[in-house]
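Q: Got a structure here, written out as C-alpha cells. Questions coming.
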Amino acid sequence: MAGPIHYEVYVRKTAPSAWSLLIATEDRKHAIETAEDQMADRLAAAVRVCKETLDPDTMEFSSLTILELGAPEPKKKKVAETAPRPACGSPAELYAPHARGLIGRVLEDWLRRQGATAFELLHRPDLAERLEASGVELQHAIQKVAVPESQATGQDLHGMMRHYQKLSEQAIAQLLKAGRAGLFPDLAERSVADLAHRLGGAPDRAFVMGGAIAGSLRGCKGARERLDRLMDLMEASPPDGPPRALVVVAVEQIAAEMLAVRANLSEILGPSLDQGASLAAVVRMVAPQEVDAVLSRDPRMALMTPPIEGPAARLGQRLSAGEFPLLAATLARMVLRELSSARRLRPNDPQGEIDILRVLAMTLTAASRRLLSLDEVQAAFVERSKSLITADFVAAYVKDCPTVLTEAEHLTRLCENVTGGANKRAAARWLAACVTSLRFETEMRQATPGGASASQKLAVLARLQRSVQAAQLGELEQRQIQEAIGAVGGALEADVGLSAQIARAAVGPVQKLTALLRLAVGEAAPLGPAADRARTEAGRLLRAPATRAALDQAPEQVAALRGLMQSAGVAA
C-alpha cells in the first residue's frame, strides 16, 4: 500500500562536488521545473529529482530517481589493497610477547635442552651464537613459522622463508654486537639496584636490563636454581619506583616462560607430585593467603594440598604481594586449561581424583576473587565433570566397592561433586541404575549372619536418601532415586514389621513414640512406605489413653517431641 509521496531536488554546484538537497515538495511538476531552471540559469553543474515514497508498515522511504541532468558523477577511485606483510618485519618485533611465545613453541625442544626460555635466547649472546651454529634447528624453526603463515595469507612460501631467515640473521647479529660492546653488565660485579638506577631514562633500558638478568642465569642448573636466582635479584632490586619496575618486568617475563613448561613446573613444585597435587600446589603458590584461609577450616583438605617450599614459596610471597600480576593470572589460567583438558588428575586413583578436584574447587573459588572470574572457574569445572561421568571412570570408581550399598554411596558422592546440569543428570542416571537394580533390593533385604540389623539398614538408607537430597540433582532424577530408596526401605521394614514391633515393645509409651517419630520423619528410615507406616503407628499410639496419661505427667518430654511430631504431621 503506497503512502505519502514527495519529491526532492538535489544539485551539485561543480562536477566533483557532492550532492546537496535544494528543495523538497509534494508537487512533481514543480520539482522538475525547479531542476530544469537550475540547469538553464547555470546555477548548478548537475541536478537530480528523486521520488520518495513512504511505506507505512516500516516507516521507511524508498527512493527512485526520475530525472538527472548535467555532468555525470565522477567515479570513485578504488582504494588500493595493501599487500599482506609478514607478522614480524624487524628484529624489534621479535621481542613482543606474542612473538616470544611463538619462538618458545617452535624452538621448544632446543630451549629445553639448553635449559633456557625464549626471553633468555633474545637477550643472551651466547645462546644466540649457539643457535646460529646449530643450523638445522634454526632452519626448522623458520619453516614452522613460514609454512602456516604462508598458507594463511597466500604469500609466497620461499619469499616468506627468505624474509625470516634474514630477520633471524639481523636479530642474532644485533645481539652479538651488543654482547661484544659490553652492553650487558655482569650482575656478579654490579648490583641490580645500581644498574636499574643507572639505566633510568635510557631508551634501551628494558633491553639492557633483560640482557643483564638473563646473563645472570648462565650457569644455573635446573629450573629450581634459576627461579631461586630470580628471587635473589628481586630481593636485591630497588625498593620502589621505575627502577624496581624495570627489574620486576624482566624477572616476571622470564619466570612466566619458565613456569609455562610442564617439566620446569614439576621440578620447582616437586617431581613426586601427581597432576592433581601439582595443580593444587600452583593455586597455593599463586594465592597463598586465600588458600591457607580455606585450608585452615578443613584439616582433611589441608592434608591433600601439598605445601610449597624453597623458591616456589618465595615466588608465592611475591605473587601474594601483587608484584607479578601477569604471572599470577597466567598460572591461574594454566590451571583452568588443565582442568578443562581430558588429562586425568590421578590416573590410578578415581576416589583421590574426586578428593583433589574438591580441593581445587574450594581453593580456586577463593583465589578467583583476585585472579579470575567465578564464571571462568565454574566453566572449567563443568568441563572437568564431563570426564567423571564416563563409563570408564565410573567403572574404575566403583570397582572395589564390596557391596551394592557402598557402590550407591560412592555414586551419591560422585553426584555431589560434579557440576553442570547435563553432568548432574548423567551422574544421577548412574545412581538411579544402582538403587533401582534387583541386586540393590536383594542385598538390602537379605539377612546375613553377623550382618547389620534391619533397623541399622533402614538408618543407612535414610542417610543415603538425605545425601541424595544434598547432591542438588534435578527434580525428576532426585524424586526417582529417593522413591527407589524409599521403596526398598519400605520392603525391608515390611519384612520384619519394625513399626509394629516398636508399638508392641515392652517399654514406656514415650520411648515407643520417639522411635516411631524418628522413623516417620526420615531420620531412622527412608521417607516412603516405611515412614508412612511408622507415622500411622505413631498416630495410633498417640491416641491411646496410656500414652496421653504418660505425656500429661511429663510435659518436658512433650516439648522435646513437639518438633518431631510437627515434622511427621502427627497431631499432639
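In our numbering, the protein residues as written are 458 to 1029.
Glycine included, each C-beta is placed from N, C-alpha and C at the ideal position.
Contact check, N880 vs V839 under 8 Å by CB: the rounded distance?
A: Their Cβ separation, rounded to whole angstroms, is 7 Å, which keeps N880 and V839 in contact under 8 Å.
Q: Would you decide whether A972 is buried or exposed? Buried here means 16 or more other CB atoms lie within 10 Å of its CB.
A: buried
Q: How big is the Cα-Cα spacing for G679 and G572?
A: Taking the straight line joining both Cα atoms gives about 7 Å.
Q: Could you name the residues that DSSP lists as bridge partners for S477?
A: V468
Q: Measure the CB-CB distance between A744 and L656 and report whether it falls below 8 Å.
A: no
Q: Going by other Cβ atoms of all chains shown within 10 Å of its Cβ, with 16 needed for buried, is N805 buried or exposed?
A: exposed
Q: Tell me, which residues are paired with L511 by DSSP?
A: F518
Q: Assuming I711 and R681 are in contact, meaning their beta carbons sit under 8 Å apart, how far apart are those beta carbons, in whole angstroms?
A: Contact doesn't hold; Cβ gap of about 14 Å is too wide.
Q: Going by beta-carbon coordinates alone, are A871 and A884 separated by less than 8 Å?
A: Per the sequence shown, the amino acid found at residue 871 is Leu instead of Ala. In this structure, A884 lies closer than 8 Å to L871 by Cβ.
Q: How do the stretch 919-939 and the stretch 973-984 stand: do at least 3 beta-carbon pairs fall below 8 Å, yes or no?
A: yes
Q: Between the Cα of W887 and the Cα atoms of Q903, F850, L915, E898, which residue gives the shortest distance?
A: F850
Q: For S625, does the count of other Cβ atoms within 10 angstroms reach 16, so buried, or fall short, so exposed?
A: buried
Q: Looking only at C-alpha atoms, which of A770, L784, L730 sits nearest to R803?
A: L730
Q: Any contact between the stretch 706-723 and the stretch 658-668? By contact I mean 3 or more CB pairs, one from each, below 8 Å.
A: yes
Q: Contact between the stretch 586-596 and the stretch 508-517: three or more CB pairs below 8 Å?
A: no
Q: For G527, list the residues DSSP reports as bridge partners.
A: Paired residue(s): A503.
Q: Using the Cβ count rule (16 or more neighbours within 10 Å means buried), how would you classify D661?
A: exposed
Q: Taking the alpha-carbon of V748 as reference, which of G727, G733, G773, D952 has the nearest alpha-carbon?
A: G773
Q: Alpha carbons only, please: which of V468, P473, M496 is nearest the one belonging to M507?
A: Inspection of the sequence shows that residue 507 is occupied by Cys rather than by Met. With distances taken between Cα atoms, C507 lies closest to V468.
Q: Please say whether A941 and M892 have beta carbons closer to each other than 8 Å?
A: Here residue 892 is Val; the residue named in the question, Met, does not match the sequence. Closer than 8 Å, so yes.
Q: Between E589 and I629, which are expected to be in contact by the criterion C-beta below 8 Å, what is the C-beta distance as a whole number of angstroms?
A: 5 Å
Q: Can you tell which of L817, R990, S825 has its C-alpha closest to the C-alpha of L970?
A: R990
Q: Do P1040 and A734 have their CB atoms nearer than 8 Å?
A: This structure gives no information on residue 1040, because the portion of the chain shown stretches from 458 to 1029.
Q: Put I846 into one of helix, strand or coil per three-state DSSP.
A: Of the three classes helix, strand and coil, the one that applies to I846 here is coil, per DSSP.
Q: Helix, strand or coil for I462 per DSSP?
A: strand
Q: Would you please verify whether the beta carbon of K532 is less than 8 Å from any beta carbon of chain C?
A: In the structure shown, chain C does not exist; there is a single protein chain.
Q: For A575, which option in A713, K532, L933 has the closest C-alpha, if you only look at C-alpha atoms?
A: Closest option to A575, judged by alpha-carbon separation, among A713, K532, L933: A713.
Q: Rounded to the nearest angstrom, how far is the Cβ of L998 from that of P966, given a contact under 8 Å?
A: 6 Å
Q: Any idea if T820 is buried or exposed, counting beta-carbon neighbours within 10 angstroms, 16 or more meaning buried?
A: buried
Q: Check each candidate in Q732, A957, R815 and name the one with the smallest Cα separation from D755.
A: R815
Q: Check each candidate in K856, L955, R581 and name the one with the smallest Cα separation from S912.
A: L955
Q: Of the residues L895, A702, L1008, which one's Cα is nearest the Cα of A948?
A: L895
Q: Can you tell me which of the three DSSP states D1009 falls into?
A: helix
Q: Let me check one thing: in DSSP terms, what residues is T482 bridge-paired to?
A: Y464
Q: Within its chain, find whatever has a CB closer than 7 Å to the CB of C858; leave out the 5 residues flanking it on each side and keep chain order.
A: E864, H867
Q: Given this structure, state the Cα-to-Cα distance separating G460 from G878, to the nearest angstrom.
A: Confidence is the limiting factor: at G460 the pLDDT is only 48, short of 50, which leaves the residue's position unreliable, though a coordinate-based value still follows. Whole-angstrom Cα-Cα distance: 53 Å.
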